[in-house]
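Engineer: The structure's right below; bear with me while I get my questions together.
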Amino acid sequence: MHRLSQLCGQAFEGRIVSEDKEDDSWRAERVVMHVRECSDDEIRIPLHVGDDHSRTWVIHHEGGRLTLHHDHRHEDGSLDAITWYGGARDDRLSGSRMNFPADDATKALFDAEGIPQSKENTWAIEVRPTHTLFAYEMERPNRFFRVEFDTSKPVATPPAPWGAE
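According to the working numbering, the residues represented by the sequence shown are 9 to 173, in order.
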């Protein structure tokens, strides 16, 4: 949380570094993260993929643990059917990386929405100030996604994410 809060208010362009063909459409777009809202208990990081402003990563404290959730919205601001999925930090962490395996509520959501393969998801956030790196990952069997952002090169602040007040 401390390392992330140092980036508050700034936006950074990223690049997809994973090689999965499923990510080709994202590679074709400009990807920007914006560390938009920061408090002691929560950090909100909208992720902009081209003109799609539907995603926000929410890192917050819940039940005494650090958690990562994904807030997905439609352009009108309404909640997507697949939203608020994520998990609590597990014990595999370092000073720069935190892993968040899917929690029970997420697994139930993925079952209800017909994507049971996603129940095995583990998300990771990596913040390395000395390497000017912020990375986001999602991994499960037969699927790996990673996007990296150079935090030494802020870019213009993108528009508010869909649903922001």
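Backbone N, C-alpha and C fix where the C-beta goes; we use that ideal spot for every residue, glycine too.
Please classify T64 as buried or exposed, where buried requires at least 16 neighbouring CB atoms within 10 angstroms.
Structural biologist: In the sequence shown, the residue the question calls residue 64 occupies position 56. When all chains shown are included, T64 counts as buried.
Engineer: Report yes if the C-beta distance between V43 and E21 is below 8 Å; otherwise report no.
Structural biologist: Along the sequence shown, one-based indexing puts residue 43 at 35. Along the sequence shown, one-based indexing puts residue 21 at 13. No, the pair does not count as a contact, with Cβ atoms beyond the cut-off.
Engineer: If N107 sits next to T130, beta carbons under 8 Å apart, how far is it from one beta carbon to the other, in whole angstroms?
Structural biologist: Numbered from 1 along the sequence shown, position 99 holds the residue referred to as residue 107. Numbered from 1 along the sequence shown, position 122 holds the residue referred to as residue 130. Going by Cβ atoms, the distance from N107 to T130 rounds to 6 Å, so yes, they are a contact pair.
Engineer: What are the boundary residues of the alpha helix (DSSP H) that includes H10?
Structural biologist: Taking the first residue of the sequence shown as position 1, residue 10 is located at position 2. Per DSSP, H10 belongs to the alpha helix (DSSP H) from H10 to S13.
Engineer: I'd like the list of long-range same chain contacts for R11, defined as Cβ closer than 7 Å, with 5 residues on each side in sequence excluded.
Structural biologist: The count along the sequence shown starts at 1 and reaches residue 11 at position 3. Non-local beta-carbon contacts of R11 in its own chain, meaning distances under 7 Å to residues more than five positions away in sequence, involve V135 and P137 in chain order.
Engineer: Taking H114 and G94 to be in contact with their CB atoms under 8 Å, please state how far apart those CB atoms are, rounded to whole angstroms.
Structural biologist: Against the sequence shown, residue 114 aligns to sequence position 106. Against the sequence shown, residue 94 aligns to sequence position 86. The residue you asked about is not His; residue 114 is Thr in the sequence shown. Confirmed, Cβ separation roughly 6 Å.
Engineer: Between the Cα of G171 and the Cα atoms of R38, V163 and D79, which residue gives the shortest distance?
Structural biologist: Locating residue 171 in the sequence shown gives position 163, counting from the first residue. Nearest of R38, V163 and D79 to G171, Cα basis: D79.
Engineer: Pick out whichever of S104, Q18, S47 and G58 has its Cα sitting closest to the Cα of W2.
Structural biologist: There is no way to answer for residue 2, as the model of the chain reaches only from 9 to 173.
Engineer: From E37 to F118, what distance separates their C-alpha atoms?
Structural biologist: By one-based count along the sequence shown, residue 37 stands at place 29. By one-based count along the sequence shown, residue 118 stands at place 110. Approximately 27 Å, taken between the alpha carbons.
Engineer: Assuming contact is defined by CB atoms lying nearer than 8 Å, are P162 and H61 in contact in what I supplied?
Structural biologist: Position 154 of the sequence shown holds residue 162. Position 53 of the sequence shown holds residue 61. Taking 8 Å as the Cβ cut-off, P162 and H61 do not qualify as a contacting pair.
Engineer: By DSSP, does W65 sit in helix, in strand, or in coil?
Structural biologist: Position 57 of the sequence shown, counted from the first residue, corresponds to residue 65. Of the three classes helix, strand and coil, the one that applies to W65 here is strand, per DSSP.
Engineer: Can you grab the Cα-Cα spacing for the pair P54 / A132, in whole Å?
Structural biologist: Counting from 1 along the sequence shown, the entry for residue 54 is found at position 46. Counting from 1 along the sequence shown, the entry for residue 132 is found at position 124. Approximately 16 Å, taken between the alpha carbons.
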